[in-house]
Amino acid sequence: MTRLTAKDFAPELLELYDFYAHGQISRRIFLERASQFAVGGLTAGALLASLSPNYAQAMQVNFTDPDIVAQYITYPSPNGHGQVRGYLVRPAKASGPVPGVVVAHENRGLNPYIEDVARRVAKAGFVALAPDGLTSVGGYPGNDDKGRELQQQVDPEKLMNDFFAAVEFLMKHDAIGGKKVGITGFCYGGGVANAAAVAYPELGAAVPFYGRGPKPEDVPRIKAPLLIHYAELDTRINEGWPAYEAALKAGKKTYQAYIYPGVNHGFHNDSTPRYDEAAAELAWGRTLEWFKRYLG
């Protein structure tokens with residue numbers, strides 16, 4: 001089957017799907033509005049299915065890859081939900097402590113795409129920890145639609161603290177051995193990465209992908225070097241960038257930011273048609289270089 005890309009859909013339909021994917025409209029409203037794009041025998045339901053994740057397309061590093069060791073763990077989150085389930089992936093051939101990276105998921109829980117990103121991080125030589133922010137409501141349910149519904153039910157402050165607890169857990173982990181810890185995240189998780197940079201001056205580096213930026217007045221607290229990825233067509237998130245950048249410049253922070261031309265929110269997620277291979281590979285290469293530079 002030919003893989004669909006963003007070019008196969010009307011920009012207005014992609015924007016409509018973005019509203020749906022971020023809980024701004026219901027499934028019913030999406031289907032009603034998408035019906036105007038249903039031509040040539042397609043239904044609105046078929047369009048939604050075409051735009052939704054296909055996780056078979058997203059596996060870049062196999063579960064059984066000999067270069068990694070993966071396991072599910074629980075870690076304490078005293079200011080969150082008490083205990084959080086996470087996916088911990090380590091380089092199999094590391095001879096000693098290595099730096100760590102927290103991988104923060106989108107607004108739908110620890111899905112197979114995020115688990116694969118954690119394996120990619122470990123394959124590159126870091127210890128990766130990908131928390132499941134839906135632990136308190138039973139964990140990622142196996143599909144993104146239900147995952148979005150569940151994440152909307154989770155207390156947002158406790159949810160953020162569950163991710164912060166992952167940073168603290170990794171900083172103390174024996175496999176890290178005192179080396180630096182960074183964070184990357186996507187969509188909601190990109191906002192988590194920005195928030196962690198504010199909360200933890202000792203953070204080694206932060207790489208948010210199309211995430212909500214912090215309040216400008218909180219930027220002076222950031223010490224971590226930031227690598228920030230945006231999608232040109234993602235106007236909803238991008239509107240916050242000018243104020244964020246102004247605060248970073250005023251504070252003389254270490255940062256680089258890239259706005260990838262002609263791509264949509266979610267361009268790194270290779271399970272959906274919004275994926276852009278060229279932009280995703282460029283952004284990921286830059287991400288690994290950033291971590292190697294600042295985490296050691």
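Residue 50 in the UniProt record's numbering sits at position 50 of the sequence shown, with consecutive numbering throughout.
No residue lacks a Cβ here, since even glycine has one placed at the ideal position from N, Cα and C.
Short Cβ contact (7 Å threshold) for residue i with residue j
i, j, result
"P216", "G190", "no"
"A166", "L129", "yes"
"N111", "Y72", "no"
"G138", "D162", "no"
"F169", "Y75", "yes"
"V84", "P131", "yes"
"D8", "H265", "no"
Same chain, Cβ closer than 8 Å to residue i, neighbours up to 5 away in sequence not counted
i, result
"G23", "N107, R148 and Q152"
C-alpha distance - residue i paired with residue j, whole-angstrom precision
i, j, result
"A193", "Y210", "10 Å"
"V101", "A38", "42 Å"
"N238", "V61", "31 Å"
"A175", "E289", "21 Å"
"D67", "L248", "38 Å"
With 16 other Cβ atoms within 10 Å as the buried cut-off, status of residue i
i, result
"A58", "buried"
"R119", "buried"
"F186", "buried"
"residue 298", "For residue 298 there is no data in the structure shown, the boundaries of the chain being 1 and 296."
Beta-carbon contacts of residue i that lie in its chain and below 7 Å, excluding the five residues immediately before and after
i, result
"G45", "L31"
"G125", "P91 and V98"
"S136", "H81 and V154"
"F267", "A231, Y260, R274, Y275, D276, A279 and A280"
"T287", "T184, V207 and L227"
Nonlocal neighbours in the same chain, by C-beta distance under 6 Å from residue i, ignoring five residues either side
i, result
"G182", "V101, G204, A205, F291 and L295"
"K223", "P201"
"S271", "P53, N54, Y55, Q57, A58 and Y113"
"I29", "none"
Heavy atom of the ligand NAP within 6 Å of residue i beta-carbon
i, result
"I73", "This structure lacks the ligand NAP, and indeed carries no ligand of any kind."
Taking only runs of the beta strand (DSSP E) that begin and end inside the stretch 43-92, which ones reach a length of at least 3 residues, in chain order? Given a length threshold of 3 residues, each whole run of the beta strand (DSSP E) inside the stretch 43-92 is given here in chain order: 68-77 and 82-91.
Counting only runs that start and end within the stretch 97-141, where is the alpha helix (DSSP H) found for 4 or more residues in a row? 112-123, all fully within the stretch 97-141.
Whole alpha helix (DSSP H) runs in the stretch 200-287 with 4 or more residues, listed along the chain? You should have 235-238 and 241-250.
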